[in-house]
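Please read the structure below before turning to the comments.
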Amino acid sequence: MRSKKAKEPQGDEAIVEAFNEYLSANNKRKTPERYRILDKVLAFPKLFTIEDLKLAMNDDKFPVSTSTLYYTVDLLVDANILRSINTGNQALAFERVDQVKSIHLKCEVCGKTKLVKDPNFMAYMNARRFAAFTTRYYNLTVYGTCNDCARRLKREQREKNINAIKQIKESTK
Ligand SMILES: [Zn+2]
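Those letters in the sequence shown? Residues -5 to 167, by my numbering.
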């Protein structure tokens, strides 16, 4: 399909090729469903859930079973094409690893991720070139503690302290 053979495939074409190689390397079948799902995934402008994907496939008149969707998305995560994000809503969300639109703030206590925009940072990283290196994608996850967890931990610590003081008072009575 490609006109210039010497040119490396770029963007979505490179991702389809990477998935192709992943399926071959892992002895997985190259079913039409899997490629249709990948096509849909690549067309998603933002985070999506399995349910979003199911609706989009139905719109396309290419309905697939929920278990096929789950399994294929698992493969795409394993192939490092997608990553999953626990935003604290019921369903896991997914996004392309190569299209960073937000910085992830991940709480190490509850595991939830908050997404924040930083256009200056994105513009800087998108323009950044490294010597003797071709960037395929980057992502930024900042690890720490969310406010909910910080408040809870503080409260628990305070209760612990109060109990400790109570015990000391009891024992010295
Ligand atoms: Zn938390």
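Just so you know, even glycine gets a beta-carbon here, dropped at the ideal spot from N, CA and C.
Under the DSSP assignment, A117 falls in the alpha helix (DSSP H) whose first and last residues are P113 to A121. Non-local C-beta neighbours of R130 in its own chain, meaning closer than 7 Å and more than five positions away in sequence, comprise D92, ordered along the chain.
Between ligand 1 and the CB of T81, the shortest heavy atom gap is not smaller than 7 Å. For the stretch 81 to 150, the full-length alpha helix (DSSP H) segments reaching 4 residues or more read 113 to 121 along the chain. Relative to ligand 1, the beta carbon of V103 is positioned inside 7 Å of a heavy atom. Residue M116 holds the alpha-carbon nearest to the alpha-carbon of I97 among M116, K106 and N80. Taking 8 Å as the cut-off, the Cβ atoms of Y29 and I44 do not count as close.
The bridge partners DSSP lists for L17 come to none. In the DSSP assignment, the residues bridged to S78 are F88. V103 counts as exposed, since fewer than 16 other C-beta atoms from the protein chains shown sit within 10 angstroms of its C-beta. In this structure, K22 sits away from L70, with a CB-CB distance that is not shorter than 8 Å. Between K100 and V58, the C-beta gap is not smaller than 8 Å, which leaves the two residues out of contact. Of the residues D72, K48, L36 and K34, the one whose Cα lies closest to the Cα of N20 is D72. In the assembly as shown, I162 is an exposed residue. Its beta-carbon has fewer than 16 other beta-carbons within 10 Å.
For A50, the uninterrupted alpha helix (DSSP H) run begins and ends at I44 to D53, by DSSP. Within the same chain, Cβ atoms closer than 7 Å to the Cβ of N74 are found at V91, the five residues on either side in sequence being excluded. Taking a cut-off of 8 Å for Cβ pairs, the stretch 107 to 116 and the stretch 145 to 157 do not touch, as fewer than three such pairs fall below it.
A distance below 8 Å separates the beta carbons of D6 and L36.
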